[in-house]
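Residue numbers (the numbering used here): -11 to 410.
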């Protein structure tokens, strides 16, 4: 019998692979009249006179119409060109303003780490590895958000360089999500600012972004071109990809991502994706392999809970529910004979239970086969996964879960725990 994982794999395609404008005339002469006698005009002369008058009027009217037409069209073309030029000018000024305002909060990140690998004879060997990426300041005390793959496990030292060129060494890694977590996030802290005043970014609402919305990406392109600015649009959302480095050895599964055509290059990882209001709505993370201008960013709403925990408690605490789930699509819903097509379908597989014993989900009463459709007022859909919804809360928060069970909607309450380590 086909198990759940084989069924899901058969229905779903393989995840995308990513790498990180009147002429005056004379009156006719007055005819001479004899007393009580009316002048006589020949038929031929009358016809010629009428014809001449018709031609004259046609020239007058036609000339006026042509002149007006040419004037209006010229005016229209000129107006259209002017409007285009004004639009281009306005957009350029907007991007320049965003680059200036947000750019002061973007930093370059350099990390040194040690990695262990096996040589051709099977012996372990340790090598030093250097990585370069980007981050952005989230508070005036020197807390920075970046990607965890910018500061991987085994990182021994981190330095950051501000937009004005100031460099800080001995930067602390105060928290990173687990390597298996779909949220590729890490937090850094500058221990001593030496009197430097930092400007944090303004966080936006990523759930309000639509396909076609303009965005700007800022980052340390290729690890050497600090604060490179590119622009584009949101070209998709809810994307799932498998991202990795150039060697193909390290990889991770990422979910619920924005897709953008704003150029994101290696070294841009951890930089901000910004809306036209100058608000950060995404964390740049990966770029599609073998494609042009297809990049991916984690929606900022998905990590707001993590940000709040770091800023309020000084450490990373990640909300934990304790379920194994798949995000529903039309095909999956049809295959499993479900009455709804969107939500988090709780299901067991890979020798893993649907609900972990003793977890907040277990205590709340969730069961195998349940579909979570909302967490408080956050709808689980193409834009927001269950992981993304939970990440907007903090450990210890009580959340209301809207659940569809056997075709009926019920309400459950869960108190979120802290994601277990190891």
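No residue lacks a Cβ here, since even glycine has one placed at the ideal position from N, Cα and C.
Report the residue from the options whose alpha carbon sits nearest the alpha carbon of residue i.
| i | options | result |
| --- | --- | --- |
| residue 220 | 352, 395, 206 and 231 | 206 |
| residue 251 | 338, 367 and 223 | 223 |
| residue 284 | 273, 293 and 290 | 273 |
| residue 115 | 98, 96 and 144 | 144 |
| residue 435 | 196, 194, 146 and 199 | Residue 435 lies beyond the stretch modelled for the chain, which goes from -11 to 410, so this question has no answer here. |
| residue 172 | 133, 148 and 194 | 133 |
| residue 384 | 367, 175, 181 and 407 | 407 |
| residue 156 | 227, 130, 344 and 166 | 130 |
| residue 139 | 152, 153, 158 and 154 | 158 |
| residue 185 | 175, 374 and 152 | 152 |
| residue 100 | 136, 341, 142 and 301 | 142 |
| residue 183 | 200, 204, 199 and 154 | 154 |
| residue 360 | 338, 345, 340 and 334 | 334 |
| residue 337 | 356, 345 and 327 | 356 |
| residue 217 | 88, 180, 345 and 120 | 88 |
| residue 197 | 248, 180 and 240 | 248 |
| residue 258 | 120, 300 and 228 | 120 |
Here's the rule I'm using: 16 or more other beta-carbon atoms within 10 Å means buried, otherwise exposed. How should residue i be labelled?
| i | result |
| --- | --- |
| residue 358 | buried |
| residue 160 | exposed |
| residue 362 | buried |
| residue 208 | buried |
| residue 102 | exposed |
| residue 396 | exposed |
| residue 381 | buried |
| residue 254 | buried |
| residue 111 | exposed |
| residue 368 | buried |
| residue 12 | Residue placement at residue 12 cannot be trusted, given a pLDDT of 36 that sits under 50; the coordinates are not used to answer. |
| residue 135 | buried |
| residue 322 | exposed |
| residue 168 | exposed |
| residue 398 | exposed |
| residue 200 | exposed |
| residue 81 | exposed |
| residue 332 | buried |
Using the three-state DSSP reduction, which class does residue i fall into: helix, strand or coil?
| i | result |
| --- | --- |
| residue 401 | strand |
| residue 79 | helix |
| residue 376 | helix |
| residue 318 | helix |
| residue 256 | coil |
| residue 264 | coil |
| residue 394 | coil |
| residue 188 | coil |
| residue 299 | helix |
| residue 290 | helix |
| residue 341 | coil |
| residue 371 | coil |
| residue 355 | coil |
| residue 138 | coil |
| residue 91 | helix |
| residue 117 | strand |
| residue 350 | helix |
| residue 332 | strand |
| residue 277 | coil |
| residue 195 | helix |
| residue 408 | coil |
| residue 86 | helix |
Near residue i, which residues of its chain fall below 6 Å by C-beta distance, leaving aside the five closest residues on each side in sequence?
| i | result |
| --- | --- |
| residue 225 | 246 and 371 |
| residue 393 | 358 |
| residue 305 | 297, 383 and 406 |
| residue 282 | 276 |
| residue 174 | 134, 136, 139 and 164 |
For residue i, collect the residues of the same chain with a Cβ closer than 8 Å to its Cβ; drop the 5 residues on either side in sequence, then sort them by chain order.
| i | result |
| --- | --- |
| residue 415 | The structure shown does not extend to residue 415, since the chain is modelled only from -11 to 410, so the question has no answer here. |
| residue 347 | 308, 309, 310, 311 and 405 |
| residue 268 | 90, 124, 189, 190, 191, 192, 260, 261, 262 and 288 |
| residue 85 | 266 |
| residue 214 | 96, 149, 151 and 208 |
| residue 351 | 402 and 403 |
| residue 340 | 312 |
| residue 427 | The displayed coordinates of the chain run from -11 to 410. Any statement about residue 427 would go beyond what the structure contains. |
So, at 7 Å on beta carbons, what are the nonlocal neighbours of residue i in its own chain, with the 5 sequence-adjacent residues on each side left out?
| i | result |
| --- | --- |
| residue 188 | 93, 125, 126, 127 and 128 |
| residue 150 | 95 |
| residue 349 | 309, 310, 311, 343 and 402 |
| residue 377 | 363, 366 and 368 |
Since residue i and residue j are thought to touch, with beta carbons under 8 Å apart, how far apart are those beta carbons, to the nearest angstrom?
| i | j | result |
| --- | --- | --- |
| residue 192 | residue 286 | Incorrect: roughly 13 Å between the Cβ atoms, too far for contact. |
| residue 202 | residue 264 | 5 Å |
| residue 400 | residue 353 | 6 Å |
| residue 230 | residue 170 | Residue 230 to residue 170, Cβ: 11 Å. No contact. |
| residue 98 | residue 79 | Not quite, the Cβ-Cβ distance comes to about 33 Å (not below 8 Å), so this is no contact. |
| residue 313 | residue 389 | At roughly 12 Å, the Cβ-Cβ gap does not stay under 8 Å, so residue 313 and residue 389 are not in contact. |
| residue 291 | residue 271 | 7 Å |
| residue 256 | residue 165 | No, residue 256 and residue 165 are not in contact; Cβ-Cβ is about 19 Å, not under 8 Å. |
Taking CB distances under 9 Å as the criterion, tell me whether residue i reaches chain D.
| i | result |
| --- | --- |
| residue 325 | As a matter of chain content, chain D is missing from the structure shown, which is built from one protein chain. |
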